[in-house]
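**Q** This is the structure I have questions about; it appears just below.
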């Protein structure tokens, strides 16, 4: 009876597999699952008839499946799961004595003495495969082992030391500290020194779904300064986490806002700047009200704000009682469209900011992407760089307006104070994903996705380098650029390093914009189906983490069924084998997707050993164009689940649906790793080591209640930055599993980890306290769009 029940279950599985296999064949996919289903159905029939040959047939099937798996995906154990796990379990069941013995007993020709509980062929097959799986647990085809032997060299690079004075550590944005009290030998003893709760949590009724605590705190002026998603500013005692003061602006949250975050604040010391300018010591510089300032912005109804760093009070001499209205000269701004999410750049006595607009929200009337420099003492506008009119850098008169719909720069900028330059990583202009109405000769199109160098004092254009042409994929430059002098192939050069969403890491001469690392122009398709004019080539840096081309064999799942569905979707949607596949009404696979390979977390760089640490992401997305009609021109478009599309492009030709390329279980269709950590030797451009980072614990799933309880080391998406220190440590907490980890910089070996109370989608910072103790601090507040655990913690660690 048991065998008949088993045969019925196998038959049902075979029929379901046959159905899915036929669907896959109909779209031109692999015949493997169709053939497997036929043999599985034959096995079920023979088992129902009590034929012991069923076991032999199934053993042959297992060997055929194994050969097919190795031919398709090699020895990647995670790729074996959807192809082999279910069939291995069936084989294990069929090899059990309670299945085998009745089959031998039913065979009338089998002598009593030869009847047994074990089928040698099937049992041996199962045993061999168990041993192979155990062996694969110790092998990872993704991991590249290396041992960087670059010795530390004397350098005049400006790096973070006792304090963490700017978002990227200091003005060069290397996210590197020369502190070495915490090192590879004692990092395993890191413990929580203190934990501070901001009390600022998401209100689902009025706050955006992408509500994120991504702040990197400053440690300066004997104080730790941080901001929250509601733009609250908290000043803490660095050694204890006790609150000194708190500033709470008027609350402007909206669930229709696309991004609700604050990644950090900036610090300005009037006395220090004056002393530097006059070549006198800070102590003799003239005192001034609010002489030490925290500079911040508000995300919505944007304002630029200056606070007294000692008290948290508004600086009355700055702007209008401490505030500057950033909507001035911007014209009519539609609700929820204009945002400030980046850290204002403070360089010399200037505050330089860009802005962010809603992606594909409107086809006309989006706020300007003007770059503005304000006097850090008075709040007066000093210069502006308008992408539509780059030669006009004088502030606009009252009543004049910056043009709508220009390229925006929403990321954090970097300044080369010595050479008097500010670097602006421009992104796209809204609508991001459609170019039907773009003027290819316009200035705004020229600056789309361009890294621009401006004169720090006047805003005049010095040079521009475009990282993507005629962007139709949301290829913004999201990362803050880093500055250092590198010794590439024996030739020293002043470099600027810019990671991009495509996966390029452009290494340019920061004085001229000319490439240091070679760049080639890759030919791409110019054939679409909606009348777009596509760029015929796209730039590719010799230093890149552009994901490998997808094939049907790249598809993944945790069962054969969701993997087959991913294979079907792969064959049904357009994919050109590169990151620049045109979007279509039918649907296109964009790999990498709009979250990119690199995002706002950028990279960290050890300038002494010239090692770059990055955390490249591998996720594909589906882009689908939805034709707008006169009836829907100004109406929201909703999905079948009655949720709105964000990329609606009101008054435009098409809305765009963007969703992760995932199975019905919500699992990415491409095989892991989805997140990695990599080290690059900047002297040679060689990637020295790569490893998976992040596990499956704490992930939100659609097939289990709550969060996944087991941590399989598959390599998770990391959204946030890394911190590198002279102690030979790389700190990272951006993975979607709520863990904070430390790695050895030379080898990538994991040295320490701890579980956080919430997602750590932020960049760590480090500093030396008054107690002569090195601390590492991190925001653990989660990320609404990624689905990590939300919270409100700022946590400091030290060696105990």
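Residue numbers (this note's numbering): 74 to 873.
Glycine is no exception: its CB is placed at the ideal position from the N, C-alpha and C atoms.
(1) Across the region 231-246 and the region 285-292, are there enough close Cβ pairs to call them in contact, namely three or more that are closer than 8 Å?
(2) Got a sec? Which residues, its chain only, sit under 6 Å from residue 32 by beta carbon, not counting five neighbours each side?
(3) Across the region 740-756 and the region 624-635, are there enough close Cβ pairs to call them in contact, namely three or more that are closer than 8 Å?
(4) Among all the DSSP beta bridges, which residues are the ones paired with residue 175?
(5) Got a sec? Which residues, its chain only, sit under 7 Å from residue 338 by beta carbon, not counting five neighbours each side?
(6) Of the choices 617, 518, 488, whose alpha-carbon is the least far from that of residue 557?
(7) Buried or exposed for residue 424, going by 16 or more other Cβ atoms inside 10 Å?
(8) Figure out for me which residue from 501, 364, 286, 634 has the closest Cα to the Cα of residue 738.
(9) Given residue 100, which residues of its chain have a CB within under 8 Å of its CB, disregarding the five upstream and five downstream residues?
(10) For the beta strand (DSSP E) that contains residue 632, what are its first and last residues?
(11) Kindly give me the distance between the Cβ atoms of residue 792 and residue 674, rounded to whole angstroms, as I take these residues to be in contact under 8 Å.
(12) Check whether the region 531-545 touches the region 747-765, counting contact only when three or more Cβ pairs, one atom from each stretch, lie closer than 8 Å.
(13) How about residue 869 and residue 688: do their beta carbons lie closer than 9 Å?
(14) Going by other Cβ atoms of all chains shown within 10 Å of its Cβ, with 16 needed for buried, is residue 210 buried or exposed?
(15) Just how far apart, CA to CA, sit residue 596 and residue 590?
(16) Whole angstroms is fine: what's the gap from residue 205's alpha carbon to residue 132's?
(17) So residue 555 packs on residue 684, CB below 8 Å; how close in whole Å?
(18) Ignore the nearest five residues each way along the sequence and tell me which others in residue 512's own chain have a CB closer than 8 Å to its CB.
(19) Does the beta-carbon distance from residue 506 to residue 547 come in below 9 Å?
(20) Would residue 503 and residue 439 be called neighbours here (beta carbons separated by less than 9 Å)?
(21) For residue 371, count neighbouring C-beta atoms within 10 Å of its own C-beta (all shown protein chains included) and say buried if the count is 16 or more, exposed if not.
(22) Between residue 178 and residue 161, what straight-line distance do the alpha-carbon atoms span, to the nearest angstrom?
(23) What is the DSSP secondary structure of residue 558, counted as helix, strand or coil?
(24) Check for me: the beta strand (DSSP E) holding residue 848 runs from which residue to which?
(25) Just checking my contact of residue 281 with residue 330 at CB under 8 Å: how many whole Å lie between their CB atoms?
(26) Would you call the CB atoms of residue 575 and residue 669 closer than 9 Å?
(27) For the putative contact between residue 286 and residue 748, defined by C-beta atoms under 8 Å, what is the C-beta separation to the nearest angstrom?
(28) Evaluate the contact criterion for the region 807-820 versus the region 832-841: three or more CB pairs, one atom per stretch, below 8 Å.
(29) Do residue 676 and residue 572 have their beta-carbon atoms positioned less than 9 Å apart in this structure?
(30) At what residues does the alpha helix (DSSP H) containing residue 193 begin and finish?
(31) Determine the extent of the beta strand (DSSP E) in which residue 811 is found, giving its start and end residues.
(32) Between 616, 600, 465, 500, which has its C-alpha nearest residue 478's C-alpha?
(33) Using C-beta distances below 7 Å, list every residue in its chain close to residue 247, excluding the 5 sequence neighbours before and after it, in chain order.
**A** According to the structure shown:
(1) Counting Cβ pairs under 8 Å, three or more are found: they touch.
(2) Since the displayed the chain opens at 74 and closes at 873, residue 32 lies outside it and no answer follows.
(3) A contact is defined here as three or more CB-CB pairs under 8 Å, and the region 740-756 meets this definition with respect to the region 624-635.
(4) Paired residue(s): none; residue 175 is not in a bridge.
(5) So the list reads 291, 298, 300, 306, 367, 368, 369, 416, once near-sequence residues are dropped.
(6) When only C-alpha atoms are compared, the closest one is 488.
(7) Taking all protein chains shown into account, residue 424 has 16 or more neighbouring C-beta atoms within 10 Å of its C-beta and is therefore buried.
(8) Checked all of 501, 364, 286, 634; the closest Cα to residue 738 is 634.
(9) 641, 644, 645.
(10) Per DSSP, residue 632 belongs to no beta strand (DSSP E) and is neither H nor E.
(11) For residue 792 against residue 674, the beta-carbon gap comes to about 7 Å, under 8 Å, which counts as contact.
(12) Touching, no, given that fewer than three Cβ pairs across the two stretches are closer than 8 Å.
(13) The criterion of a C-beta distance shorter than 9 Å is not satisfied by residue 869 and residue 688.
(14) For residue 210, the number of other beta carbons within 10 angstroms of its own is below 16, and it is reported as exposed.
(15) Computed Cα separation, rounded: 19 Å.
(16) Each residue's CA atom was taken as its position, placing residue 205 and residue 132 some 16 Å apart.
(17) Actually they are not in contact, since the Cβ atoms of residue 555 and residue 684 sit about 12 Å apart, beyond 8 Å.
(18) Within its own chain, the residues whose Cβ lies closer than 8 Å to the Cβ of residue 512, once the five positions on either side in sequence are excluded, are 518, listed in chain order.
(19) Yes, Cβ-Cβ distance for residue 506 and residue 547 is below 9 Å.
(20) Residue 503 is a Cβ neighbour of residue 439, given a cutoff of 9 Å.
(21) With 16 or more other Cβ atoms within 10 Å, it is buried.
(22) Going by the C-alpha atoms only, they are around 25 Å apart.
(23) Strand at residue 558.
(24) Residue 848 -> beta strand (DSSP E) spans 847-853.
(25) Taking a contact as a CB-CB distance under 8 Å, the pair residue 281 and residue 330 counts as one, their CB atoms being some 4 Å apart.
(26) In contact: residue 575 and residue 669 (Cβ atoms closer than 9 Å).
(27) Actually they do not touch by this definition, with Cβ atoms about 20 Å apart.
(28) Because the criterion of three Cβ pairs below 8 Å is met, the region 807-820 and the region 832-841 touch.
(29) Remark: C-beta atoms of residue 572 and residue 676 approach each other more closely than 9 Å.
(30) Residues 193-209.
(31) From DSSP, residue 811 is part of no beta strand (DSSP E); its letter is neither H nor E.
(32) Between residue 478 and the set 616, 600, 465, 500, the nearest pair of CA atoms involves 500.
(33) The residues are 232, 241, 555, 557, 677, 678, 680.
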